[in-house]
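Below is one structure, written out as structure tokens; comments come after it.
There are 2 protein chains.
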Amino acid sequence: MITPATGPAHEEARKGPAPADRMPTIKDVAELAGVATSTVSRALSKPDRVNQHTRQRIQEAAAQLNYVPSSQAKGLSSGRTGTVAVLVPDITNPFYFDIIRGTQHQLKAAGLTQLLVDTEESSEMELDALHKMRRSADGFVLAASRLTDAQLAEVAGSQPLVTINRASADAPSVVIDTPSAIIQALDHLASLGHNRVCYVGGPPTSWSNEMRWKVFEEDSRRRGMETHRIGPFIPKTTSGAAAADAALRTGATACVVFNDLLAIGMLQRLQARGIRVPEDMSIVGSDDIFGADFCNPPLTTISSPIEQAGRVAVAMLLSQLNPVPGGASRKLAVMPTHLTIRQSTGPAPD
Amino acid sequence: MITPATGPAHEEARKGPAPADRMPTIKDVAELAGVATSTVSRALSKPDRVNQHTRQRIQEAAAQLNYVPSSQAKGLSSGRTGTVAVLVPDITNPFYFDIIRGTQHQLKAAGLTQLLVDTEESSEMELDALHKMRRSADGFVLAASRLTDAQLAEVAGSQPLVTINRASADAPSVVIDTPSAIIQALDHLASLGHNRVCYVGGPPTSWSNEMRWKVFEEDSRRRGMETHRIGPFIPKTTSGAAAADAALRTGATACVVFNDLLAIGMLQRLQARGIRVPEDMSIVGSDDIFGADFCNPPLTTISSPIEQAGRVAVAMLLSQLNPVPGGASRKLAVMPTHLTIRQSTGPAPD
DNA sequence: CAACTTATGGCAATCGCTTGCCGCAACATT
DNA sequence: AATGTTGCGGCAAGCGATTGCCATAAGTTG
Chain A
1 MITPATGPAH EEARKGPAPA DRMPTIKDVA ELAGVATSTV SRALSKPDRV NQHTRQRIQE
61 AAAQLNYVPS SQAKGLSSGR TGTVAVLVPD ITNPFYFDII RGTQHQLKAA GLTQLLVDTE
121 ESSEMELDAL HKMRRSADGF VLAASRLTDA QLAEVAGSQP LVTINRASAD APSVVIDTPS
181 AIIQALDHLA SLGHNRVCYV GGPPTSWSNE MRWKVFEEDS RRRGMETHRI GPFIPKTTSG
241 AAAADAALRT GATACVVFND LLAIGMLQRL QARGIRVPED MSIVGSDDIF GADFCNPPLT
301 TISSPIEQAG RVAVAMLLSQ LNPVPGGASR KLAVMPTHLT IRQSTGPAPD
Chain B
1 MITPATGPAH EEARKGPAPA DRMPTIKDVA ELAGVATSTV SRALSKPDRV NQHTRQRIQE
61 AAAQLNYVPS SQAKGLSSGR TGTVAVLVPD ITNPFYFDII RGTQHQLKAA GLTQLLVDTE
121 ESSEMELDAL HKMRRSADGF VLAASRLTDA QLAEVAGSQP LVTINRASAD APSVVIDTPS
181 AIIQALDHLA SLGHNRVCYV GGPPTSWSNE MRWKVFEEDS RRRGMETHRI GPFIPKTTSG
241 AAAADAALRT GATACVVFND LLAIGMLQRL QARGIRVPED MSIVGSDDIF GADFCNPPLT
301 TISSPIEQAG RVAVAMLLSQ LNPVPGGASR KLAVMPTHLT IRQSTGPAPD
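Residue numbers (the UniProt record's numbering), protein chains in the order written: chain A, 1 to 350; chain B, 1 to 350.
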């Protein structure tokens with residue numbers, strides 16, 4: 001009874017009503033229901049286009065065969081893949097986990113699936129992925145893109161995409177307004193009596209790193225503080241030791257750190273060196289990632305609605321993919337942030 | 001010069017040599033190179049099948065058009081999607097991050113892309129995803145599957161899959177050998193003088209939770225300890241408070257906790273209640289996730305090669321997808337674990 | 001009752017690529 | 001010179017859906 005399979009049929013698992021080894025196609029459903037494939041297709045996607053009675057027969061047939069349409073074939077004609085690629089520089093980094101969580105959530109709600117890509121902090125890999133996946137994803141979410149402005153502009157011109165934490169005139173972006181919270185942080189530090197402050201820098205290719213530094217420099221100077229900058233550092237806890245040592249050498253009494261990962265690494269190093277936080281040195285992180293609340297001491301940091309940023313990014317992408325005739329879609333979303341004060345900041349020493 | 005696009009052509013971004021708005025197809029390449037599409041196809045996938053000279057001409061044409069084959073169309077004929085779905089119960093949980101990192105790594109190496117799915121701890125969603133994505137993924141990696149044995153057996157019979165932390169006779173599995181480290185942990189606790197111990201349970205549907213408890217019970221009894229079990233708890237830090245309170249009520253002096261997330265949550269609660277760890281209560285976590293080393297106090301825990309487990313799972317899946325004629329592929333991989341002693345365990349009180 | 005609509009389902013082209021089969025030319029072999 | 005080999009490309013048939021167009025039947029309208 002089994003159709004002579006073309007490929008090497010694997011023999012196991014032919015229990016139950018499974019008709020053949022092969023996946024059921026729309027044709028099988030059509031035959032079982034006694035209609036043409038076109039009717040099956042319509043019954044399944046445009047129910048109104050088909051007679052109530054026929055439709056039901058088809059649905060039963062489909063259910064009986066356990067039929068699932070091939071997304072590939074569907075995509076072939078429609079040109080859509082039902083997929084969105086999310087590119088992050090480093091899956092290792094909890095910051096991106098939250099983004100991923102956000103995009104995943106929103107994509108699922110839209111019936112799309114998420115293709116996750118780690119670009120390993122490399123603009124080449126990013127560009128390459130963007131290129132290779134052009135055909136396999138309907139759109140892209142670029143988290144903390146490492147692309148140059150020119151590259152980004154070019155890519156944005158040829159495929160739907162939205163960036164996170166990387167503003168650009170050429171692509172819709174959602175940016176997290178960390179700068180304004182940096183001002184809050186400096187305020188906080190100033191009120192604690194700090195006047196020698198240090199910015200601990202992240203990856204040189206990071207757009208948000210530059211933004212943060214710019215605001216930090218400007219605002220701390222305005223306040224008449226002694227401003228230092230160290231870095232760049234790879235934003236991982238393991239770089240924290242070098243960062244902490246360098247920070248100590250500057251003589252600053254408080255650091256604003258590119259991100260929490262690095263800040264937590266510094267905390268560990270400072271503790272190891274017997275430097276007390278916040279008594280001897282205050283530390284402000286950024287992002288409020290998983291772990292910032294239970295490290296030792298709990299980290300004062302800039303809380304960002306990261307997951308929400310991921311969700312908004314997807315929403316913007318969707319409105320780009322299915323434009324509504326009326327309104328132009330939003331080109332920029334700014335996510336608010338705030339300073340969360342925990343225990344890694346305190347009065348300046350002396 | 002522009003072909004009258006069928007859809008509403010978007011006008012921007014027609015800079016550069018982009019010929020039309022449409023993506024170049026194999027046909028475009030064929031025309032430009034002056035050959036048939038079949039030749040292009042072969043030149044690109046089976047280079048030997050085509051003359052060196054022709055091949056080069058084709059490659060140039062492809063490069064010039066910036067051609068990328070449609071994975072959809074490719075898949076249509078080959079039946080492959082070039083994609084593997086990874087199902088995790090909760091993307092929120094750092095444990096799975098490490099798995100994802102591992103699978104991602106190995107998949108990329110194999111030229112496959114990863115479809116990430118969050119099943120939200122629900123066996124229905126898991127089953128549903130497995131069903132709906134049957135056609136869009138070549139195989140599945142089920143991390144900590146919530147499926148029943150019967151469900152798992154059925155699914156495993158009809159599609160290539162490998163499980164992580166869920167042994168089954170019906171599917172290749174990689175399991176993390178936490179149980180043997182639980183014995184180590186009890187050894188450690190016993191040597192510190194603890195004789196009232198408590199297992200803090202995770203999700204009732206978790207296979208590994210059951211395994212851990214079984215070993216815990218058996219071994220602690222064998223040692224003549226007073227054995228308690230509390231739970232189930234949702235394995236998040238937020239459940240830690242309830243878990244900590246319940247643990248305290250048992251009178252145990254040491255807890256072995258289902259996972260680090262829960263353990264860290266307990267740490268926080270115990271600290272809030274003024275219970276000192278490890279002086280008043282020792283805590284042993286499980287998995288050694290991100291954060292276990294910098295929480296307060298740093299957590300004694302069962303270190304697991306999580307990322308590696310993800311990698312091995314993919315390797316096993318691949319050998320299932322591309323079976324070598326000779327050897328039968330491995331059905332079970334056991335990943336070794338060990339106890340990492342930090343500062344959340346200490347001598348029993350009294 | 002003729003002329004129109006409308007509802008419904010089938011036919012066949014199409015999407016982009018792969019692949020079995022065939023043809024042809026250039027060599028190699030008796 | 002006749003007959004095999006090879007190497008190389010083209011033809012055309014799929015793969016599994018979608019969809020424009022058409023045919024048929026049934027219901028409406030004047």
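Backbone N, C-alpha and C fix where the C-beta goes; we use that ideal spot for every residue, glycine too.
Counting C-beta pairs closer than 8 Å gives three or more between the stretch 335-344 of chain B and the stretch 172-179 of chain B, which meets the contact rule.
Three or more beta-carbon pairs separated by less than 8 Å are not found between the stretch 222-242 of chain B and the stretch 157-171 of chain B, which leaves the two stretches without contact. Secondary structure note for Gln114/B: its beta strand (DSSP E) is the uninterrupted segment Thr113 to Asp118.
DSSP places His53/A in the uninterrupted alpha helix (DSSP H) bounded by Gln52 to Leu65. Annotation for Tyr67/B: Pro24 and Val29 place their beta carbon closer than 6 Å to its own, counting only its chain and skipping 5 residues before and after. When 8 Å is used as the limit between beta carbons, Phe290/B is near these residues of chain A: Pro94, Phe290 and Gly291, in chain order. Per DSSP, reduced to three states, the secondary structure at Phe294/B is coil, with no helix or strand assignment.
Annotation for Ala246/A: the continuous alpha helix (DSSP H) segment containing it runs Gly240 to Thr250. For Leu299/B, no alpha helix (DSSP H) segment is defined, and its DSSP state is neither H nor E. Contact of Leu76/A with chain B is assigned, a C-beta pair being separated by under 8 Å.
Counting the other CB atoms within 10 Å of its CB gives Ser208/A a total of 16 or more, which places it among the buried residues. Among the residues of the stretch 41-62 of chain B, none has a Cβ less than 9 Å away from any Cβ of chain A.
As the crow flies, the alpha-carbon of Pro172/B is around 58 Å from that of Ala348/A.
The C-beta of Met23/B comes closer than 8 Å to at least one C-beta of chain A.
Its chain contains Ile26, Val29, Ala30 and Ile58 as the residues whose beta carbon lies nearer than 6 Å to that of Val40/A, once the 5 sequence neighbours on both sides are disregarded; these appear in chain order. Below 8 Å, enough C-beta pairs join the stretch 92-104 of chain A and the stretch 308-315 of chain A to call them touching: three or more. The Cβ atoms of Val86/A and Leu116/A sit closer than 8 Å to each other.
Asn296/B reaches chain A at Phe294, Cys295, Asn296, Pro297 and Pro298, counting residues in chain order whose Cβ is nearer than 9 Å. Three or more beta-carbon pairs separated by less than 8 Å link the stretch 188-198 of chain B to the stretch 248-266 of chain B, which places the two stretches in contact.
Neighbourhood of His228/A in chain B, by CB distance below 7 Å: empty, with the nearest CB roughly 25 Å away. The C-beta separation of Leu261/A from Lys236/A comes to about 6 Å, placing the pair in contact by the 8 Å criterion. Against chain B, a Cβ distance below 9 Å from Leu115/A picks out Thr83, Thr113, Gln114, Leu115 and Leu116. Collapsing the DSSP output to three states places Asp219/B in a helix. Asp350/A sits in coil when the DSSP states are folded into three classes, being neither helix nor strand. Within the stretch 136-147 of chain A, the residues whose Cβ lies closer than 8 Å to some Cβ of chain B are Ser136, listed in chain order.
Annotation: the continuous alpha helix (DSSP H) that includes Val155/B extends over Asp149 to Ser158. Within its own chain, the residues whose Cβ lies closer than 8 Å to the Cβ of Ser71/B, once the five positions on either side in sequence are excluded, are Thr81 and Gly82, listed in chain order. Taking the beta carbon of Val68/B as reference, the chain A residues within 8 Å of it are His131, Lys132, Arg134 and Arg135, listed in sequence order.
For Met335/A, the enclosing beta strand (DSSP E) starts and ends at Leu332 to Met335. A straight line joining the alpha-carbon of Val155/B with that of Ala33/A spans about 26 Å.
Going by beta carbons, Ser145/A and Arg166/A fall inside the 8 Å limit. Residue pairing by DSSP places Tyr199/A opposite Arg229/A and Val256/A in a beta bridge. By the C-beta density criterion, Ser286/A is buried, having at least 16 other C-beta atoms within 10 angstroms.
Residue environment: Pro89/B is assigned as buried (16 or more neighbouring CB atoms within 10 Å of its CB, all protein chains considered). Counting along the chain, Ala143/A sits inside the beta strand (DSSP E) bounded by residues Gly139 to Ala143.
About 19 Å separates the beta carbons of Ala309/A and Val215/A, which is beyond the 8 Å limit, so they are not a contact pair.
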